[in-house]
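Protein chains in written order, with my numbering: chain A, 571 to 964; chain B, 571 to 964. Shown next, in structure tokens, is the structure this report addresses.
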């Protein structure tokens, strides 16, 4: 059975934003005020719900609910989009019996179209009706777009004062894929925690999970991760030890969810774990890992199960990271492939063939004597990805 | 008939580096010393022929010949690769009757394998035998890898002292695609010109042609453009006016060749002309244009003939370029699509459908009141691209 944090209720409804008879509206409601934190897209074009969320969280670090819709992104919709977003919070607040400013909005779907406001009123009524009967899984399903499976992760952790529970859910099948706009993640917990500690925890975990993966290198206008902590467990996390335990638990949840995003990458068949170590700094290591993980040539080779290390090395070479080519050591699946500027003299194609068949492929690059490191999860690039994205709207 | 600059001879041979019975070795020989300039890959892993070329050009700005092979890149081959590269110059020099240090080498093919030195001696003999009988087109064909057609461009220009002729050739079907390593370009001319002026001219033209296109954003270990000017026309380019005319002519040749590369992009069906204006600086405009031209989502939409402007705007938003979203004006095929933060109220899908069918698609973005501008040629991303690159070695 799924571990569900105390003091939350869930609602879903089929509003018909894109398709009929499919739940596309979800609500996560906390029975009492919850400490709220969020991390958002860095794209300069930010969707209306992102702008509204940021505004609400700047005013108060406390929220009661998250409302999420799929099918319409409400991005690049100007002032009308902002007004629509605020109006949806008014509508939902009536049925959820919380104040509009206590609801954090999130949207995902096609960019540029205005919200179909006529559908919201009847949908919110259904949403209110389902509150308490729907499950977290129902909400995770309602926010799917091109996702092929819903993404949930739960944990409990024993703190000094007792047990607290975490539940995370997310959607995303292209990181970060603007038109399907795109990565949404919610983490709810019943711990009692200070807003500042909660915010720092979320940002620490997001950097090591949702911000450490790539499907296609595109960053959406709607990316949002929100974390709520409502204190319903009556367990307070305050000591250094408790906060560390809680953070480790949140990190596990976030990393499990982000692994699922890459596993469910549009058309993807592989999850590459690209670990760069020995860089002059962490950002340098990240630069190198991202150049490799976003290289179409590396990604197509992964799809073809081709141990084409030359493409990995060449992507590293153009990454902008600062290193000496003679220092670089590359291993694939634990097998030494390249060092001192040239390939290992083994029959690499034969040695590497079995590990290229796995869904998970480990690529380890030590690029020097430094302490900088970064690990990126990356999907492959497949014919199916092209099909999905060439035909998405037409 | 092709315009061929005076005082050059061409040779080709089938060495069997990758396939039998296909010319894979080419020689361009100047009858006298030619002023030589080169621009090279910025990848940190530089192929042996790139290192040798740079060394030779640093020693002397004069050369007699260019030797180019396809099938083997001689990249990531360590000290042995460098020694092999120098040995091939010795071998070729005997048959071409020029000194080894007067020959500039270029290679393209799979990374990581050592040159098949046993094949070079007999191939160089054939190369010598064909000298004078082969044409520039034969050399352009001999350096093809995944190219589907050879790429030649010629021009003549009237200077104060008389007519001079330029001929450019290149290979490349992924810019810049490491395993096929990748973009090679040669421009030969019979003008009499100073080395410094010639170098500056090449670098000016390369920045506005070969460095202003993208197929997959990958930069090869072997990219090389070499320009020779042998003075055989006995026309000297020295006055400002003559140098300007010559530069304009070279730019036309380089731009025609780089258009052909994008047109012949692996699996490509489209050439997008992405013109960014109004940026705070040229590098800012380039940042924006490259983010759009390299976005897999923009590229798959182009392939699908989908006027998905949301993806263009979202790629701009994450490009790192500094601009105000409200200033952005986007036109596709001359049609206003997006301004003041929202789409034009027209039926855009209907209006844009015809221009998405053309091979050439014009994307114009004005992102502010600045003077920075950059135009990038970009290919689309297709199922065929994935097929070619997933199956390249296997």
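We put the CB at the ideal spot given by N, CA and C, even for glycine. Everything numeric in this text was worked out from a predicted model, so none of it was measured.
Item, Value
"Interface residues of chain A facing residue 701/B [CB-CB closer than 9 Å]", "What residue 701/B touches in chain A: nothing, since even the nearest Cβ is about 33 Å away."
"Proximal residues, the stretch 609 to 627 of chain A versus chain B, C-beta separation under 9 Å", "611, 612, 613, 614, 615, 616"
"Best match in 827/B, 813/B, 878/B for proximity to residue 770/B [C-alpha to C-alpha]", "813/B"
"Endpoints, beta strand (DSSP E) assigned at residue 684/A", "Counting along the chain, residue 684/A falls outside any beta strand (DSSP E), and DSSP gives it neither H nor E."
"Three-state class that DSSP yields for residue 616/B in the structure shown", "coil"
"One or two residues paired with residue 734/A in a DSSP bridge", "727/A"
"Members of the stretch 903 to 921 of chain B near chain A, C-beta cut-off 9 Å", "908, 910, 911, 912, 913, 918, 919"
"Supposed contact pair residue 694/B and residue 661/B - C-beta distance, whole angstroms, cut 8 Å", "5 Å"
"Buried versus exposed call for residue 938/B [16 or more other C-beta atoms within 10 Å across all chains shown]", "buried"
"Proximity to residue 578/A [Cα-Cα], best of 594/A, 831/A, 805/A, 757/A", "757/A"
"Residue of 725/A, 616/A, 874/A, 636/A minimising C-alpha distance to residue 821/A", "725/A"
"Residues bridged to residue 758/A (per DSSP)", "737/A, 798/A"
"Residue 582/A beta carbon near the ligand GTP (any heavy atom closer than 7 Å)", "In the structure shown, the ligand GTP is absent, as is every other ligand, since no ligand is present at all."
"Chain B contacts from the stretch 689 to 718 of chain A (Cβ-Cβ distance under 7 Å)", "none"
"Selection of the stretch 940 to 955 of chain A by Cβ proximity to chain B, strictly under 7 Å", "951, 952, 953"
"Residue interval of the alpha helix (DSSP H) (run including residue 663/B)", "648 to 666"
"Residue from 832/B, 884/B, 874/B whose Cα sits closest to the Cα of residue 721/B", "832/B"
"Whole-number beta carbon distance between residue 907/B and residue 879/B, since they are thought to touch under 8 Å", "5 Å"
"Closest residue to residue 645/A among 685/A, 940/A, 625/A (Cα-Cα distance)", "685/A"
"CB contact flag (residue 594/B, residue 640/B, <8 Å)", "yes"
"Contact set for residue 959/B: own chain, Cβ-Cβ below 6 Å, skip 5 residues either direction", "none"
"8 Å CB neighbourhood of residue 623/A in its chain, flanking five on each side removed", "608, 610, 674, 675, 676, 794, 796"
"Whether residue 943/A touches residue 846/A by CB criterion (8 Å)", "yes"
"Nonlocal neighbours in the same chain, by C-beta distance under 8 Å from residue 860/B, ignoring five residues either side", "784, 787, 889, 946"
"8 Å Cβ cutoff, residue 961/A in contact with chain B", "yes"
"CB contact below 8 Å: residue 646/A versus chain B", "yes"
"Beta carbon proximity, residue 658/B to chain A, threshold 8 Å", "no"
"Pairwise C-alpha distance: residue 902/A and residue 668/A", "53 Å"
"CB contact below 8 Å: residue 793/A versus chain B", "no"
"Residue 679/A at chain B interface by Cβ criterion, 8 Å", "no"
"Neighbourhood of residue 573/B by C-beta, 6 Å cutoff - its chain only, sequence neighbours within 5 removed", "724, 726, 735"
"Distance, residue 598/B Cα to residue 857/A Cα", "40 Å"
"Closer than 7 Å at the beta carbon, the chain A residues around residue 873/B", "956, 960"
"Spatial distance of residue 731/A from residue 625/A (CA atoms)", "34 Å"
"Alpha helix (DSSP H) segment containing residue 678/B, residue limits", "It is not in any alpha helix (DSSP H) - residue 678/B instead sits in the beta strand (DSSP E) that spans 673 to 680."
"Host alpha helix (DSSP H) of residue 870/A (start-end)", "866 to 873"
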